Each structure stands twice: as structure tokens, then as C-alpha cells.
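Report on one structure; see the data block that follows.
Number of protein chains: 2
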Amino acid sequence: MSANSRLTIAAHALAWIGLYQRQGHEVATSEQIATSANTNPVVIRRLLGELRRAGLVESRRGVGAGWSLARDLESMTLLDVYEAVEPGPLFAMHRTTPDQACVVGRGIQPAMQGVYDGIEQTLRQELARVTLADVLRDVLAVPR
Amino acid sequence: MSANSRLTIAAHALAWIGLYQRQGHEVATSEQIATSANTNPVVIRRLLGELRRAGLVESRRGVGAGWSLARDLESMTLLDVYEAVEPGPLFAMHRTTPDQACVVGRGIQPAMQGVYDGIEQTLRQELARVTLADVLRDVLAVPR
DNA sequence: TCTGTCGTAACAATTAATGTTGCGACTGCG
DNA sequence: CGCAGTCGCAACATTAATTGTTACGACAGA
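Line by line, the protein sequences are chains A and B.
Read in the numbering used here, the first sequence has 133 at position 133, and its numbers run on one by one without any break.
Read in the numbering used here, the second sequence has 1128 at position 128, and its numbers run on one by one without any break.
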């Protein structure tokens, strides 16, 4: 379905900053995170910018600039991240309006919307159940 | 997230065929369905082709050709349709391998995969709960 | 003033879905 | 037998979203 790794990369960045701060550092740079995620620093800055708008991270400019967590990893859930970085709904409707002269064309969108709303609701509950601290714990639990 | 309406269009097509057959017709043509969904017949044929591979519909060729249901709408769930028409997973990993020399780079994919697997599981349960007969009922329940 | 990093715009590259055209294959009918 | 209507499928165009890249000004501390 989606060639969309935004949630994955955002979680990666947050886990990285969290671990780095646990090791006693003040801020992490987009360059460092980009190296770990094997991508471009601008991509990281863009994503972190969205997380900052959601109040999850803060950035500092000037010399010794970089990114830090605005809250504990324990208090951040994947739902917070999801809402910050994912724009649209999971499933889309027709890209052009179906034939309103047809019974099915008229009724299909409300019918499917009901289903999709329920699913989106469940998805949110699942994401809200996992904190970024959980993610970092699982990351560190992987044997090297 | 996804600009992907495959599930919606597939459900539309199945509901349309189901209703048309209830009205006493043998088969529906991709042209008719495309008109209702306001898209191109080839798009419908492609989708229905995937549904046929999954055993949900059958097609007839020659004169009086067209599509018919291979099973009752009651016995078809949105999960059947989803599995037939959605290729990939909901959330993607990094498009390039993260830095394996970094703890986070090494552990993030297994960690996120665990979460994503659970979500995919829940999504399937939700989809399996809705039959295409439910969808058609809801379609017809929409006031005109 | 110099240095390192963010902030952001602009644009290219990539990928997936969707739309379109064309044509051969099939099959019932006259 | 030939015709008509529709599927099957390949090839290509279009659209849209994400991701990657380059460039450069803004900022703040040394």
C-alpha cells in the first residue's frame, strides 16, 4: 500500500535522541540522526520540524545547535508521532465522485466511511498503547 | 497516507454486481461498473481480475460477456477483498538499510516490525468483521 | 567575525496508483 | 462464416506523494 516510512523514521529519530541524551549529551544534530537512519539531514529536519510543531521535540540554533526531547519518552506514544507526521486517512475514497444517479454510486462512500472510521479508531488505540520508551527498550533488546 | 482507493473501488464493484444480480441480471460489464464508479473500464477489469484470482468473482467471455459473483455477498468479507487487492504492508520500513554500526540503526526495524505486525493483525480482525452484504445493506440504507 | 547548525525554499528523482489506447482472443448470433 | 460485444493484457501517459538534494539565509556562541 504505502511507500511511506515517515512513522518509522520519526520513531527512529526520537529513539536516537532519547538514547543520546541518556548518554549525557545535550542535543543531537540532524546530521547524526541522518547517518544512523541512512538518509539526508534535510529529511530529518523536515520530520523533526513536524514533531516540534506537535510539542514532542525542541530545537536550538546557533553554535552547539541541535535537537532535544521536549518530553520524556515514557509520555510519548506512537499515536502522538503518527498524528504529527501522517497527513491523510488510511484508506481513500474514489478520486473522482462516483455516479450520483446510481444507487451504489450514491451510497458507497457513506457506507465505506463508516467502516474506515471504525478501523482508524482501532488503529489509534493500538498506537496509543506503545510509548517511545517501549520502542527504545525493544531496540536495545535486539542482540548484536 | 495512502492515495490508494483500491479497497473502496473493489467494494463498489462487488456491491454493484451483487445488486445487479439481485435484480435478475446474469452478468455485469466492466463498462457499467466503470460508469457507476466514474472511472475507466480497464481499471475495473484490472481490479476484478485480482478478485477473480482470489475466487470472489467469475468472468465470462464472448457475446453477453461480463462478471458475476463466485460466492454470496454474505460469505465475502472486506478482509477477503483487502488481501486480494492490497499488495504491501500498511507501514513501511526505511527505504535504505539504516546504519548497522549504530545500536538504534540495528534495533529499530525489529522493534517497529513487532508493533506493525500487531496492528496489521488487528486491522484484519476489523476487516473480517464486515461482509460485503453488510456493505450493500449500508449502501441501500443511504437516503436519496 | 567566524563557525556550525537550523529553517526553508526550490527542484530532481523515485515510486505507486490511476487513466488511456490499442489490439488480439473469445463466443454466441445471424 | 463473419459480425459484434466484451474480456485479457500489454504498453504507455498522467498524476500525486514521498524522498533526496542543493542552496542559502538566519541564528548564536566563541
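The C-beta atom is built at its ideal place from N, Cα and C for all residues, glycine as well.
Keep in mind it's a predicted model, so treat the numbers as computed, not measured.
Neighbourhood of residue i by C-beta, 8 Å cutoff - its chain only, sequence neighbours within 5 removed
i: residue 1011 of chain B; result: 1078, 1081, 1132, 1135
i: residue 40 of chain A; result: 34
i: residue 51 of chain A; result: 10, 13, 14, 57, 81, 84, 85
i: residue 1120 of chain B; result: 1089, 1090
i: residue 53 of chain A; result: 84
i: residue 141 of chain A; result: none
Residue i versus residue j - alpha carbon distance
i: residue 84 of chain A; j: residue 1084 of chain B; result: 31 Å
i: residue 1060 of chain B; j: residue 1072 of chain B; result: 18 Å
i: residue 1038 of chain B; j: residue 1026 of chain B; result: 22 Å
i: residue 90 of chain A; j: residue 1055 of chain B; result: 26 Å
i: residue 143 of chain A; j: residue 88 of chain A; result: 36 Å
i: residue 113 of chain A; j: residue 31 of chain A; result: 41 Å
i: residue 116 of chain A; j: residue 63 of chain A; result: 47 Å
i: residue 6 of chain A; j: residue 1049 of chain B; result: 32 Å
i: residue 1118 of chain B; j: residue 125 of chain A; result: 12 Å
i: residue 1137 of chain B; j: residue 137 of chain A; result: 46 Å
Interface residues of chain A facing residue i [CB-CB closer than 9 Å]
i: residue 1110 of chain B; result: 138, 139, 141, 142
i: residue 1105 of chain B; result: 12, 16, 35, 36, 37, 38
Chain A contact residues for residue i, given Cβ-Cβ distances below 7 Å
i: residue 1117 of chain B; result: What residue 1117 of chain B touches in chain A: nothing, since even the nearest Cβ is about 11 Å away.
i: residue 1095 of chain B; result: 5
Residue i vs residue j beta-carbon contact at 9 Å
i: residue 139 of chain A; j: residue 1111 of chain B; result: yes
i: residue 1096 of chain B; j: residue 94 of chain A; result: no
i: residue 69 of chain A; j: residue 1123 of chain B; result: no
i: residue 4 of chain A; j: residue 1092 of chain B; result: yes
Sequence-distant residues of the same chain with beta carbon closer than 7 Å to residue i, five excluded per side
i: residue 28 of chain A; result: 16, 17, 20, 66, 67
i: residue 99 of chain A; result: 105
i: residue 23 of chain A; result: none
Listed by chain order, chain B residues near residue i by CB distance under 9 Å
i: residue 99 of chain A; result: 1035, 1036, 1037, 1038
i: residue 11 of chain A; result: 1108, 1111, 1112, 1115
i: residue 63 of chain A; result: Within chain B, no residue comes near residue 63 of chain A; the closest Cβ sits about 25 Å away, beyond 9 Å.
Cβ-based neighbour list, residue i, same chain, cut-off 6 Å, excluding 5 preceding and 5 following
i: residue 1014 of chain B; result: 1132
i: residue 1075 of chain B; result: none
i: residue 36 of chain A; result: 16
i: residue 1001 of chain B; result: Residue confidence is low: residue 1001 of chain B scores 37 on pLDDT, short of 50, so the model does not pin down where it sits. Its coordinate-derived value is still stated next. Contacts found: none.
Closer than 8 Å at the beta carbon, the chain A residues around residue i
i: residue 1083 of chain B; result: Within 8 Å Cβ-Cβ: nothing; residue 1083 of chain B doesn't reach chain A, min ~12 Å.
i: residue 1078 of chain B; result: 115
i: residue 1048 of chain B; result: Those within 8 Å of residue 1048 of chain B in chain A number zero; the least Cβ separation is about 15 Å.
i: residue 1130 of chain B; result: 115
Beta-carbon neighbours of residue i, restricted to chain B and to distances below 7 Å
i: residue 69 of chain A; result: By Cβ distance, chain B contributes nothing, its closest Cβ being about 14 Å from residue 69 of chain A, past 7 Å.
i: residue 122 of chain A; result: 1122, 1126
Contacts of residue i in chain B (Cβ-Cβ under 8 Å)
i: residue 31 of chain A; result: What residue 31 of chain A touches in chain B: nothing, since even the nearest Cβ is about 12 Å away.
i: residue 19 of chain A; result: 1103, 1104
The segment 68–83 of chain A / the segment 125–138 of chain A touching (three or more Cβ pairs under 8 Å) = yes
How do the segment 103–110 of chain A and the segment 1045–1060 of chain B stand: do at least 3 beta-carbon pairs fall below 8 Å, yes or no?
-> no
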